[in-house]
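One structure below.
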Amino acid sequence: MINKRIIIQILAAIIGYIGLSMLVPFVIAIFFHEKEYLSFLYSSLLLVIPGFSSYFLLKLTNKEEQTNLNIRDGFLIVTLAWIVTFFVGTLPYIISGAIPNFTDAFFETASGFTTTGASILTDIESLPKSILFWRSLTHWVGGVGIVVVAISVMPLLGVAGMQLFKAETPGPTTDKLTPRVKETARIIGLVYVLITFFIFLLYLICGMSLFDAICHAFGTIATGGFSPFNSSIGYYKSSLIEYVVIFCMFIPAVNFSLHYAALKGSFRSYLKSEELKWFVTTILASTLIISMFVFFKITNHLSKLFVQRYSM
Amino acid sequence: MNYKIVIKILGLLLIFLSFTMLLPLPFSYYYDSKDQASFIASFLITFIVGFLSFFSFKRDIEKSQKDVHPKEGFAIVGFGWVLLATFGALPYVISGAIPSYTDAFFETMSGFTTTGASILKDIESLPKGILFWRSFTHWLGGMGIIVLSIAILPILGVAGMQLFKAEVPGPTADKLTPRITETAKILWGVYFLLTVVETILLMFAGMNLFDALCHTFGTMATGGFSTKNASIAAYNNPWIEYIIIIFMIIAGMNFALHYRVLTGNFRDLFRNEEARYFLLIISIATVFLTFDIARHNMADFENAFRYGLFQVVSIITTTGYGTFDYEKLSYTTHFILLILMFVGGCAGSTGGGLKVIRTIILSKYAYSEIKRLVHPKAIVPVRFGGKAVDKAILANISGFFIIYMFISAISVLLITFFNIDIVTSIGAVAACINNIGPGLADVGPTDNYAFFHPVVKWLLSFLMLIGRLEVFTVLVLFTSTFWKK
Numbered sequence: 001m002i003n004k005r006i007i008i009q010i011l012a013a014i015i016g017y018i019g020l021s022m023l024v025p026f027v028i029a030i031f032f033h034e035k036e037y038l039s040f041l042y043s044s045l046l047l048v049i050p051g052f053s054s055y056f057l058l059k060l061t062n063k064e065e066q067t068n069l070n071i072r073d074g075f076l077i078v079t080l081a082w083i084v085t086f087f088v089g090t091l092p093y094i095i096s097g098a099i100p101n102f103t104d105a106f107f108e109t110a111s112g113f114t115t116t117g118a119s120i121l122t123d124i125e126s127l128p129k130s131i132l133f134w135r136s137l138t139h140w141v142g143g144v145g146i147v148v149v150a151i152s153v154m155p156l157l158g159v160a161g162m163q164l165f166k167a168e169t170p171g172p173t174t175d176k177l178t179p180r181v182k183e184t185a186r187i188i189g190l191v192y193v194l195i196t197f198f199i200f201l202l203y204l205i206c207g208m209s210l211f212d213a214i215c216h217a218f219g220t221i222a223t224g225g226f227s228p229f230n231s232s233i234g235y236y237k238s239s240l241i242e243y244v245v246i247f248c249m250f251i252p253a254v255n256f257s258l259h260y261a262a263l264k265g266s267f268r269s270y271l272k273s274e275e276l277k278w279f280v281t282t283i284l285a286s287t288l289i290i291s292m293f294v295f296f297k298i299t300n301h302l303s304k305l306f307v308q309r310y311s312m
Numbered sequence: 313m314n315y316k317i318v319i320k321i322l323g324l325l326l327i328f329l330s331f332t333m334l335l336p337l338p339f340s341y342y343y344d345s346k347d348q349a350s351f352i353a354s355f356l357i358t359f360i361v362g363f364l365s366f367f368s369f370k371r372d373i374e375k376s377q378k379d380v381h382p383k384e385g386f387a388i389v390g391f392g393w394v395l396l397a398t399f400g401a402l403p404y405v406i407s408g409a410i411p412s413y414t415d416a417f418f419e420t421m422s423g424f425t426t427t428g429a430s431i432l433k434d435i436e437s438l439p440k441g442i443l444f445w446r447s448f449t450h451w452l453g454g455m456g457i458i459v460l461s462i463a464i465l466p467i468l469g470v471a472g473m474q475l476f477k478a479e480v481p482g483p484t485a486d487k488l489t490p491r492i493t494e495t496a497k498i499l500w501g502v503y504f505l506l507t508v509v510e511t512i513l514l515m516f517a518g519m520n521l522f523d524a525l526c527h528t529f530g531t532m533a534t535g536g537f538s539t540k541n542a543s544i545a546a547y548n549n550p551w552i553e554y555i556i557i558i559f560m561i562i563a564g565m566n567f568a569l570h571y572r573v574l575t576g577n578f579r580d581l582f583r584n585e586e587a588r589y590f591l592l593i594i595s596i597a598t599v600f601l602t603f604d605i606a607r608h609n610m611a612d613f614e615n616a617f618r619y620g621l622f623q624v625v626s627i628i629t630t631t632g633y634g635t636f637d638y639e640k641l642s643y644t645t646h647f648i649l650l651i652l653m654f655v656g657g658c659a660g661s662t663g664g665g666l667k668v669i670r671t672i673i674l675s676k677y678a679y680s681e682i683k684r685l686v687h688p689k690a691i692v693p694v695r696f697g698g699k700a701v702d703k704a705i706l707a708n709i710s711g712f713f714i715i716y717m718f719i720s721a722i723s724v725l726l727i728t729f730f731n732i733d734i735v736t737s738i739g740a741v742a743a744c745i746n747n748i749g750p751g752l753a754d755v756g757p758t759d760n761y762a763f764f765h766p767v768v769k770w771l772l773s774f775l776m777l778i779g780r781l782e783v784f785t786v787l788v789l790f791t792s793t794f795w796k797k
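These protein sequence lines map, in sequence, to chains P and G. When we follow the numbering used here, the leftmost residue of the first sequence carries the number 1, and every step to the right adds one. When we follow the numbering used here, the leftmost residue of the second sequence carries the number 313, and every step to the right adds one.
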């Protein structure tokens, strides 16, 4: 049987937390004296009040001592949580009028939380800073969600190929989603926050403004791609920033359990990982090919010999 | 590896090929097409080379039969096909019909592998003898020239089994009789019979003997070479179109099944799960294409249905004949056809592609994985044709699919090096590895492959071979374990 009650309870809590996260752009809006602070306040209240109140109501009336979740509930919660998040995440865009069309707002939010980075916006720079911040924040929240789900929940659900973290935290013996998930999730969350801060500092040092550094750090750590500028990182025209961004993009694309191991002091695990080896090889090979073509396009001598379409 | 026996049998194959080169001569003389000398010269060259390699080793072929293991089988079939295309290109070059050897090799490989991709811009200007040879390469390659030699050269005997397994497509070898020579004879017998029937029907519908033969070769082999620039559209004759549709469907189905039906087991036709899926896919795609053609107001309903059905059958059976330029239709249609290209015909047919059986088993396998996630402890067998599919076969099919797609992707990458757009590149690769002929964009049904860089032509020729021999037979020759003692 599907445990409807506990599923709704968890979803309500997630809605509440998303509402809470909207208070951060609320503060940003006040800081930049933007009138959008009201939109964020309304959106936040609209989610926090019903979300948390129904959560506690359900929790208090729950007579069962243990919350037993089986694998089916797991699949349902993970999928529904993402969809619900997409819906409620559109509120700031719509209330502020930054993206008045619901379909567009949903697309932008889904793109944000899934760390896709595809946008329906034509002029990003014309948007208020607080909205831009929310846009990048959806990346950051979605990013940690993906890592946590991938590393601590998916293995329990038996989704293949995600069992790598088990080496660090031995896998469960039952098919119930119980305390170990919490522990694993907490560790990954911590690693995520630490790396975000590290990237943010690097960006700040190489010349980004405080606001831009935060937004870009969110976009980078989540492998998202939203930027507060129309021309993305190209805006800076700085090779230093480009190299730093390249390095930082590389970090979150590596298995987080390796980072965790490294933070605990065992850097060797990077060298031992076969997946990482292939990842680096693929990057180097592709870079070589593309650089060659960029070079030939620019110089335009050899391209005539080699790349030209053959016609007689 | 027993090189002597490999070279000896390859020599035998060449001798066999050389005699088939004499077959276009009657048509050449009848139409007075001035290409007789080229066929005789090609015959002599091929015969002499074959003769020398056959008799250069003293070992008697019948005694060394038991030396033919899977390794030798792969080597004979793999190199045999390359040799066939190498020597089969001679008539084109000697007659001057296709002066460039690269182009001639491409055209021959396209013929033997029943691809039907052409580098020719004006087909009708070619001498009739050459046109006959072009279509005849389809017919030889369709059921497999090596299977044919097993059927008619009894000296191959026991060695035949290894060769048969390496050349006949499909995940499981469908042996009709315990003796492989018998199986080869039955398959070629059915093939020959159907060829005769189609030729007669096409002549009744209005073609002359020459055109009827050439188009029958193209249909039964699921090849696609025509004697007309406009392909089947040139005749503008619904009867011809319906006859060819029916025979393309027949050629796209398992020939072992045809044999059973011919010997009275009609029920097998309806019980065969692969055939049912094959017909189902054709029906669904035809409905879509019919409406797409009608929606664009390009034809009335009967015409739209006939055009739709013809293009769908032509693509899924990997034939490549055309009566309608599908490039004029919606992008959705392009993509549907691209998927059909990869699905291909049934196992044991003359068609190419992944094969219907593999596509269906893969889909069922994927679905069983989803079921297994919800019930981790349940055993979820993949069923096909009422039986649980063996784990080893599932692994083989998955591996096949991954290698197939990987080779396709790498080939698209290599072609884009020559500044060719992605749709054209994907179309060309799909059309060649699946042995179809017409692809998408610049290699669509009204275009040809002449403009490609020679390197691309060699690459595409190689893809045709990989597709025809179903990847493993060719790729195994490139592994180090194959050449180790």
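Positions of the beta carbon are idealized from the N, C-alpha and C atoms, including for glycine. Computed from a prediction, not measured in an experiment: that's the story for all the values here.
Which residues bound the alpha helix (DSSP H) around residue i?
i	result
Pro382(G)	Pro382 to Gly400
Met565(G)	Note, Met565(G): premise wrong, no alpha helix (DSSP H); not H, not E.
Arg607(G)	Glu585 to Arg607
Phe641(G)	Phe is not the amino acid found at residue 641(G); the sequence shown has Leu there. Note, Leu641(G): premise wrong, no alpha helix (DSSP H); not H, not E.
Pro92(P)	Leu91 to Ser96
Ser239(P)	Ser239 to Phe250
Asn615(G)	Phe613 to Ile628
Ser130(P)	Lys129 to Val148
Ile30(P)	Leu23 to Phe31
Thr791(G)	Looking at the DSSP string, Thr791(G) is not in any alpha helix (DSSP H), and its letter there is neither H nor E.
Val701(G)	From DSSP, Val701(G) is part of no alpha helix (DSSP H); its letter is neither H nor E.
Ile765(G)	This sequence places His at residue 765(G); Ile is not what is there. Here His765(G) belongs to no alpha helix (DSSP H), and DSSP marks it neither H nor E.
Leu685(G)	Val668 to Val686
Arg491(G)	Per DSSP, Arg491(G) belongs to no alpha helix (DSSP H) and is neither H nor E.
Glu108(P)	Phe102 to Phe113
Pro50(P)	Tyr37 to Thr61
Val480(G)	Taken as a continuous stretch (DSSP letters only), Val480(G) belongs to no alpha helix (DSSP H), as it is neither H nor E.
Just the chain P side, please: which residues come within less than 7 Å of residue i by C-beta, in chain order?
i	result
Val686(G)	Ile71 and Arg72
Determine whether the beta carbon atoms of residue i and residue j lie at a separation below 8 Å.
i	j	result
Val735(G)	Ala762(G)	no
Gly564(G)	Gly749(G)	no
Thr115(P)	Ile146(P)	yes
Thr662(G)	Met776(G)	no
Ser720(G)	Thr728(G)	no
Val694(G)	Ser680(G)	yes
Thr103(P)	Ile14(P)	no
Trp500(G)	Leu460(G)	yes
Ile552(G)	Met519(G)	yes
Thr281(P)	Met249(P)	no
Thr196(P)	Ala213(P)	no
Met653(G)	Asn746(G)	yes
Leu127(P)	Ala81(P)	no
Am I right that residue i and residue j are in contact with their C-beta atoms under 8 Å? What's the rounded C-beta distance?
i	j	result
Trp451(G)	Phe529(G)	4 Å
Gln474(G)	Gly536(G)	Contact doesn't hold; Cβ gap of about 30 Å is too wide.
Phe622(G)	Thr602(G)	11 Å between Cβ atoms; not a contact.
Leu740(G)	Leu772(G)	A small fix is needed here, since residue 740(G) is Ala in this sequence, not Leu. At roughly 6 Å, the Cβ-Cβ gap stays under 8 Å, so Ala740(G) and Leu772(G) are in contact.
Tyr503(G)	Phe448(G)	Contact flag wrong, Cβ pair sits at about 14 Å.
Gly441(G)	Phe351(G)	6 Å
Glu34(P)	Ser130(P)	5 Å
So, does the CB of residue i fall closer than 8 Å to a CB anywhere in chain B?
i	result
Asp523(G)	The structure shown has no chain B; the protein chains it does contain are P and G.
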